[in-house]
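So the sequence shown is residues 2 to 406, counted in the numbering used here.
Here's the structure, in structure tokens; my notes come after.
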Amino acid sequence: MPKLHAPQVTVSAVEFAKHIHNNYPGLNLVFESHVAKSIHEDLPFPIYSTAPSDTPALFADKIDLVTTMGGDGTILRAASLFSSHFSVPPILAFSMGTLGFLGEWKFDEYKRAFRECYMSGCSVTTEDLQAPHTRTATTAAIDGLPDPDGWDSVRGNGKCMGLNRTSKILLRNRLRVGIYDSEGRNINEHILPTSTAEPSLGLEGDPILTPHSSTPGGAAAKRGGTSPYLHAINEVSIDRGSHPHLAIIDIFVNGHFLTEAVADGILISTPTGSTAYSLSAGGSIVHPLVKSLLITPISPRSLSFRPLVLPLHTKVVLRLSKRNRGRELPVSIDGKRRLGVTIGMEVRVEGEKLERTEDGWEGGVPCVIRASSKSDSEGFGEDDDSWVGGLNSLLKFNYPFGAGS
2 MPKLHAPQVT VSAVEFAKHI HNNYPGLNLV FESHVAKSIH EDLPFPIYST
52 APSDTPALFA DKIDLVTTMG GDGTILRAAS LFSSHFSVPP ILAFSMGTLG
102 FLGEWKFDEY KRAFRECYMS GCSVTTEDLQ APHTRTATTA AIDGLPDPDG
152 WDSVRGNGKC MGLNRTSKIL LRNRLRVGIY DSEGRNINEH ILPTSTAEPS
202 LGLEGDPILT PHSSTPGGAA AKRGGTSPYL HAINEVSIDR GSHPHLAIID
252 IFVNGHFLTE AVADGILIST PTGSTAYSLS AGGSIVHPLV KSLLITPISP
302 RSLSFRPLVL PLHTKVVLRL SKRNRGRELP VSIDGKRRLG VTIGMEVRVE
352 GEKLERTEDG WEGGVPCVIR ASSKSDSEGF GEDDDSWVGG LNSLLKFNYP
402 FGAGS
């Protein structure tokens, strides 16, 4: 998934696709329809694409790994394609955007990064799901799962780096979001993706992936269940939009009334989102391994309304007050407007639960990160935490005035 409207990134996507085709012949490549159209003529082999009328979210059961090339916005775009699903495929992100705080890899490392990810086998032990989440993924079969297959052709070409060379994942928490009308009915179904797609011809004979296609498959075929909720990796927001008056929102925490917020808006953020919109609004910075959610006001009228950090599974309800004069306020999830809410409607938010399954896990956004070359007895090394480096080099944390770049 390349960054949109960036010619140089498109060139890199073509280079990456050729590398995968030449060195991992058993893998299928799937692109969004508009991306496939732009790179099709540069590839001497067929690729899969989604039908133009469909959303890629319909094909979660056919995707084993998502590769992004761009900035943080491209990662959010990738995660949003699975916002209505219980699980998100692992995301291998190459930083080629403006900031790249979430991206772990440089594009010139793509051969090593993909090889480490592919040869790790994608088996995650139970310990990997316990705090902290960044434990090394192993290649051992777990709970009766079959050994990973499809490696023979790669090993035959000398691509295996040994079973001790493994990838790691950072399992980023998501928020589970439900939108309810004034009578308490869940209306998420009105904004979840649906499809009436039928099989059709691809680009000059290339196959188009449809919801009924049998290929490509893999482990993802067991993981494509949809959720009645929407999910956010960064934040959920209600704001006043283009209205000149402040939004008035009642906030409830675990069923208890907290406060009536009079502000430009309210943000409910994940630790991942704490360095995004929430940070600009004055919220705290939270490490992605801390199981929490944040309530951050956007330009509140009260000087005593401070941002809050709560346990991840806290149930937060944002209800539009009757004092909003009947106007509709927009609700956005990860920066995308979903719908407008009116008086009496509620946005219910809580942290998504991470659950162990026979195939791995459900919940969260697994991001492939760099494996440490040095590690202690707990599996961590000096260079494990790129988050600190990102705060200093990218966000210029506590950067003194007048310092050089």
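Every residue gets a Cβ at the ideal spot worked out from N, C-alpha and C, and that includes glycine.
For clarity, every value in this text was computed on a predicted model and none was experimentally measured.
Are residue i and residue j touching if we call contact CB-CB under 9 Å?
i: Phe83; j: Pro91; result: no
i: Pro367; j: Arg173; result: yes
i: Val310; j: Phe253; result: no
i: Ser85; j: Tyr230; result: yes
i: Leu1; j: Ile249; result: Missing from the structure shown is residue 1; the chain here goes from 2 to 406 and no further.
i: Ser270; j: Ser279; result: yes
i: Ile296; j: Pro312; result: no
i: Arg371; j: Ser394; result: no
i: Ser300; j: Gly266; result: yes
i: Ile76; j: Leu44; result: no
i: Leu268; j: Ser305; result: no
i: Glu359; j: Tyr181; result: no
i: Cys118; j: Val369; result: yes
i: His191; j: Leu340; result: yes
i: Ile21; j: Phe115; result: yes
i: Phe60; j: Thr68; result: no
i: Thr273; j: Pro289; result: yes
i: Ala18; j: Ile64; result: no
i: Val287; j: His232; result: no
Quick check: what's the CA-CA separation for residue i versus residue j?
i: Ser183; j: Ile344; result: 7 Å
i: His257; j: Lys337; result: 29 Å
i: Glu33; j: Ser303; result: 45 Å
i: Ala79; j: Asp251; result: 32 Å
i: Ser333; j: Pro245; result: 19 Å
i: Gly284; j: Ala262; result: 16 Å
i: Asn24; j: Gly71; result: 23 Å
i: Leu355; j: Gly361; result: 11 Å
i: Lys4; j: Arg357; result: 33 Å
i: Asp73; j: Asn325; result: 34 Å
i: Ser228; j: Leu66; result: 20 Å
i: Ala7; j: His314; result: 39 Å
i: Ala277; j: Lys397; result: 14 Å
i: Leu392; j: Asn399; result: 9 Å
i: Leu247; j: Ala14; result: 44 Å
i: Tyr111; j: Ser168; result: 13 Å
i: Val10; j: Ile170; result: 24 Å
i: His35; j: Ser81; result: 17 Å
i: Lys407; j: Arg328; result: Past the boundaries of the shown model lies residue 407; the chain is included only from 2 to 406, so the question cannot be answered.
i: Gly365; j: Thr260; result: 29 Å
i: Glu363; j: Gly101; result: 26 Å
What does the Cβ neighbour count give for residue i, buried or exposed, with the cut at 16 atoms within 10 Å?
i: Gly390; result: exposed
i: Asp335; result: buried
i: Asn235; result: buried
i: Asn255; result: exposed
i: Lys323; result: exposed
i: Ser121; result: buried
i: Gly403; result: exposed
i: Val12; result: exposed
i: Gly185; result: exposed
i: Asp109; result: exposed
i: Arg113; result: exposed
i: Glu16; result: exposed
i: Glu105; result: buried
Taking the continuous beta strand (DSSP E) assigned at residue i, which residues delimit it?
i: Leu172; result: Lys169 to Arg173
i: Lys266; result: It should be pointed out that residue 266 corresponds to Gly in this sequence rather than to Lys. Unbroken beta strand (DSSP E) run through Gly266: His257 to Ser270.
i: Glu347; result: Glu347 to Gly352
i: Asp251; result: Ala248 to Val254
i: Ser238; result: Glu236 to Asp240
i: Ser293; result: Ser293 to Pro301
i: Tyr49; result: Tyr49 to Thr51
i: Ile92; result: Ile92 to Ser96
i: Leu319; result: Val317 to Leu321
i: Lys337; result: Lys337 to Val342
i: Glu356; result: Glu356 to Thr358
i: Leu309; result: Leu309 to Pro312
i: Leu231; result: Leu231 to Ala233
i: Trp362; result: Gly361 to Glu363
From which residue to which residue does the alpha helix (DSSP H) around residue i run?
i: Gly1; result: The structure shown does not extend to residue 1, since the chain spans only 2 to 406, so no value can be given for it.
i: Ile180; result: Note, Ile180: premise wrong, no alpha helix (DSSP H); beta strand (DSSP E) at Leu176 to Tyr181.
i: Ser333; result: Counting along the chain, Ser333 falls outside any alpha helix (DSSP H), though it belongs to the beta strand (DSSP E) covering Leu330 to Ile334.
i: Gly74; result: Asp73 to Ser81
i: Thr11; result: Pro8 to Asn24
i: Ile40; result: Ser34 to Ile40
i: Ala372; result: Careful: Ala372 lies outside any alpha helix (DSSP H) and carries neither H nor E.
i: Ala114; result: Tyr111 to Met120
i: Leu280; result: Tyr278 to Ser281
Is there a Cβ of chain C sitting closer than 9 Å to that of residue i, yes or no?
i: Pro308; result: Here chain C cannot be found, since the structure has a single protein chain.
At least 3 beta-carbon pairs within less than 8 Å: the segment 95–113 vs the segment 26–35: no
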